[in-house]
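Colleague: Here it is, the structure in full.
In my numbering, the protein residues as written are 412 to 747.
This is how it looks when you write it as structure tokens:
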């Protein structure tokens with residue numbers, strides 16, 4: 412399947428998933444007032460890649476089909492420049508206010524797959540192969556992927572990583588003929604209602620004797636046992652004119668409950684391997700994802716500079732202290 416359209420994205424999120432806001436179970440993400448505006452906002456990102464095809468699309472290196480440039484595994488400065496051009500178009504759509512447009516996870520998994528050898532250590536060759544295959548699936552189906560990488564806080568005095576015996580944090584609890592069973596919770600799944608699949612990968616290093624927490628995988632949002640508890644919505648209004656930001660760009664965040672969820676073996680990237688879990692993020696993630704993050708942050712900063720400048724012009728504010736603050740914003744934009 413080549414790069415999707417907005418209509419195809421909206422059709423995709425009609426797949427069953429258990430989403431809650433307050434005491435309401437959401438029947439249709441695309442139609443519910445709490446989500447409809449943002450769903451159309453994300454759909455517009457998918458349409459944008461076709462409107463700006465020269466910048467946003469590239470041929471799949473194996474099939475030749477058109478894919479989003481954020482799936483590129485860059486091998487040169489020219490590749491980075493090519494990818495940046497596409498990332499800038501996507502960031503410009505929301506003036507950098509959407510932190511988790513699908514290109515964020517696309518770049519993340521391109522970074523993982525581009526350094527697959529970092530995952531293939533300490534006996535994790537099968538997991539690394541699964542990861543490379545998943546990145547191909549991700550780019551060829553152009554799915555929307557969310558992620559949840561932080562364990563719920565139980566006791567800050569014990570640190571951010573789960574300690575042995577923590578039965579709240581996500582962990583492996585068993586095996587099946589086809590994979591493993593996981594149970595527990597994670598946060599903070601931004602974009603969850605508008606995703607086709609969810610990724611679990613490392614964040615904080617684990618202490619010794621915590622192998623059951625050292626897991627990484629990707630599964631569909633419709634997997635049995637997955638539950639998403641969303642925060643209150645800022646997108647209740649569908650009035651784009653009066654609420655141009657909140658009506659379109661509320662990506663949502665969710666607390667994720669894994670209630671005895673089966674993870675197929677071919678979707679496992681790390682299976683109770685603490686050595687791999689603790690090392691891969693420092694070696695195969697930051698250099699890649701920071702390009703997308705920096706492009707978006709710069710776009711947001713330039714928007715803040717432009718908005719602040721326009722506000723001072725409208726009210727004819729020529730006070731030196733105002734210009735000093737404008738100069739500070741401008742200097743940040745110039746240095747980024």
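Quick reminder that beta carbons are idealized off the backbone N, C-alpha and C, glycines included.
#1: Jot down the residue ranges of each uninterrupted alpha helix (DSSP H) in the region 571-641, minimum 4 residues, whole runs only, in chain order.
#2: For the putative contact between residue 618 and residue 572, defined by C-beta atoms under 8 Å, what is the C-beta separation to the nearest angstrom?
#3: Helix or strand or just coil, what does DSSP make of residue 436?
#4: For the beta strand (DSSP E) that contains residue 469, what are its first and last residues?
#5: Reducing DSSP to helix, strand and coil, say where residue 533 ends up.
#6: Taking C-beta to C-beta, are residue 520 and residue 549 nearer than 8 Å?
#7: Is the distance from the Cβ of residue 668 to the Cβ of residue 596 below 8 Å?
#8: Where DSSP assigns a beta bridge to residue 558, which residues make up the other side?
#9: Put residue 453 into one of helix, strand or coil per three-state DSSP.
#10: Closer than 7 Å by C-beta to residue 533: which residues in its own chain qualify, once you throw out the five before and the five after it? Chain order, please.
#11: So, at 7 Å on beta carbons, what are the nonlocal neighbours of residue 713 in its own chain, with the 5 sequence-adjacent residues on each side left out?
#12: Have a look at 432, 494, 415 and flag the residue whose alpha-carbon is nearest the alpha-carbon of residue 460.
#13: Where residue 462 and residue 659 are concerned, what is the direct C-alpha to C-alpha distance, given to the nearest angstrom?
#14: Residue 669 bridges to which residues according to DSSP?
#15: For residue 680, which of 524, 509, 431, 453 has the nearest alpha-carbon?
#16: Are the Cβ atoms of residue 538 and residue 671 separated by less than 8 Å?
#17: Report yes if the CB atom of residue 675 is closer than 8 Å to the CB atom of residue 738, and no otherwise.
#18: In the DSSP assignment, the beta strand (DSSP E) including residue 679 goes from what residue to what residue?
#19: Going by DSSP in three states, residue 674 sits in which element: helix, strand or coil?
#20: Going by the beta-carbon positions, is the gap between residue 513 and residue 556 smaller than 8 Å?
#21: Between residue 725 and residue 734, what straight-line distance do the alpha-carbon atoms span, to the nearest angstrom?
#22: Tell me which same chain residues have a C-beta within less than 7 Å of the C-beta of residue 421, skipping the five on either side of it?
#23: Under 8 Å, Cβ to Cβ, is there at least one residue of chain E near residue 526?
#24: Given that a residue counts as buried once 16 or more other Cβ atoms are within 10 Å of its Cβ, and exposed if not, what is residue 602?
#25: Just to confirm, are residue 517 and residue 487 a CB contact at a threshold of 8 Å?
#26: Does the count of Cβ pairs from the region 417-435 and the region 466-485 closer than 8 Å reach three?
#27: Taking Cβ positions, are residue 666 and residue 630 nearer each other than 8 Å?
#28: Is DSSP giving residue 431 helix, strand or coil here?
#29: What whole-angstrom Cβ distance do residue 673 and residue 747 have, given they're in contact under 8 Å?
#30: Pick out whichever of 585, 708, 644 has its Cα sitting closest to the Cα of residue 357.
#31: Over what stretch of residues does the beta strand (DSSP E) that includes residue 727 continue unbroken?
Modeller: Result, derived from the coordinates:
#1: none
#2: Here residue 618 corresponds to residue number 207 of the chain shown, with the count starting at 1. Here residue 572 corresponds to residue number 161 of the chain shown, with the count starting at 1. Yes, residue 618 and residue 572 are in contact; Cβ-Cβ is about 6 Å, under 8 Å.
#3: Residue numbering aside, residue 436 sits at position 25 when the chain shown is read from its first letter. DSSP places residue 436 in strand when its eight states are reduced to three.
#4: The residue you call residue 469 lines up with position 58 of the chain shown. Residues 468-470.
#5: Position 122 of the chain shown, counted from the first residue, corresponds to residue 533. Three-state result, residue 533: coil.
#6: Position 109 of the chain shown, counting from 1, holds the residue named residue 520. Position 138 of the chain shown, counting from 1, holds the residue named residue 549. The answer is yes: Cβ separation under 8 Å.
#7: Residue 668 sits at position 257 when you count from the first residue of the chain shown. Residue 596 sits at position 185 when you count from the first residue of the chain shown. Result yes, Cβ atoms of residue 668 and residue 596 sit closer than 8 Å.
#8: If you number the chain shown from 1, residue 558 lands on position 147. BP columns for residue 558 point to 610.
#9: In the chain shown, counting from the first residue as 1, residue 453 sits at position 42. Of the three classes helix, strand and coil, the one that applies to residue 453 here is helix, per DSSP.
#10: In the chain shown, the residue the question calls residue 533 occupies position 122. The residues are 684, 686, 687.
#11: For this step, residue 713 is matched to residue 302 along the chain shown. Contacts found: 744.
#12: As a working mapping, residue 460 is identified with position 49 in the chain shown. Among 432, 494, 415, the Cα nearest to that of residue 460 is on 415.
#13: Taking the chain shown and counting its residues from 1, one reaches residue 462 at position 51. Taking the chain shown and counting its residues from 1, one reaches residue 659 at position 248. Cα-Cα distance, rounded: 19 Å.
#14: By one-based count along the chain shown, residue 669 stands at place 258. Note: residue 669 sits in a beta bridge opposite 595, 637.
#15: Along the chain shown, one-based indexing puts residue 680 at 269. It is 524 whose Cα lies nearest to the Cα of residue 680.
#16: By one-based count along the chain shown, residue 538 stands at place 127. By one-based count along the chain shown, residue 671 stands at place 260. Taking 8 Å as the Cβ cut-off, residue 538 and residue 671 do not qualify as a contacting pair.
#17: Locating residue 675 in the chain shown gives position 264, where the first residue counts as 1. Locating residue 738 in the chain shown gives position 327, where the first residue counts as 1. No, the pair does not count as a contact, with Cβ atoms beyond the cut-off.
#18: Your numbering for residue 679 matches position 268 in the chain shown. Unbroken beta strand (DSSP E) run through residue 679: 679-682.
#19: The count along the chain shown starts at 1 and reaches residue 674 at position 263. Correct three-state label for residue 674: strand.
#20: Reading the chain shown from its first residue, position 102 is the one you call residue 513. Reading the chain shown from its first residue, position 145 is the one you call residue 556. Cβ atoms of residue 513 and residue 556: closer than 8 Å.
#21: Numbered from 1 along the chain shown, position 314 holds the residue referred to as residue 725. Numbered from 1 along the chain shown, position 323 holds the residue referred to as residue 734. If you take the alpha carbons of residue 725 and residue 734, they lie about 14 Å apart.
#22: Translated into the one-based positions of the chain shown, residue 421 becomes position 10. Contacts found: 441, 450, 454.
#23: Structure shown: chain E not included; a single protein chain is present.
#24: The residue labelled residue 602 in the question sits at position 191 within the chain shown. The residue in question, residue 602, is buried, as its Cβ has 16 or more Cβ neighbours within 10 Å.
#25: Stepping through the chain shown from its first residue, residue 517 is reached at position 106. Stepping through the chain shown from its first residue, residue 487 is reached at position 76. No, the pair does not count as a contact, with Cβ atoms beyond the cut-off.
#26: no
#27: Your numbering for residue 666 matches position 255 in the chain shown. Your numbering for residue 630 matches position 219 in the chain shown. No.
#28: Along the chain shown, one-based indexing puts residue 431 at 20. Of the three classes helix, strand and coil, the one that applies to residue 431 here is strand, per DSSP.
#29: As a first step, residue 673 must be located in the chain shown, where it is residue number 262. As a first step, residue 747 must be located in the chain shown, where it is residue number 336. Actually they do not touch by this definition, with Cβ atoms about 44 Å apart.
#30: Outside the modelled stretch of the chain, which goes from 412 to 747, sits residue 357, for which no answer is possible.
#31: Translated into the one-based positions of the chain shown, residue 727 becomes position 316. Where residue 727 is concerned, there is no enclosing beta strand (DSSP E), given that its DSSP letter is neither H nor E.
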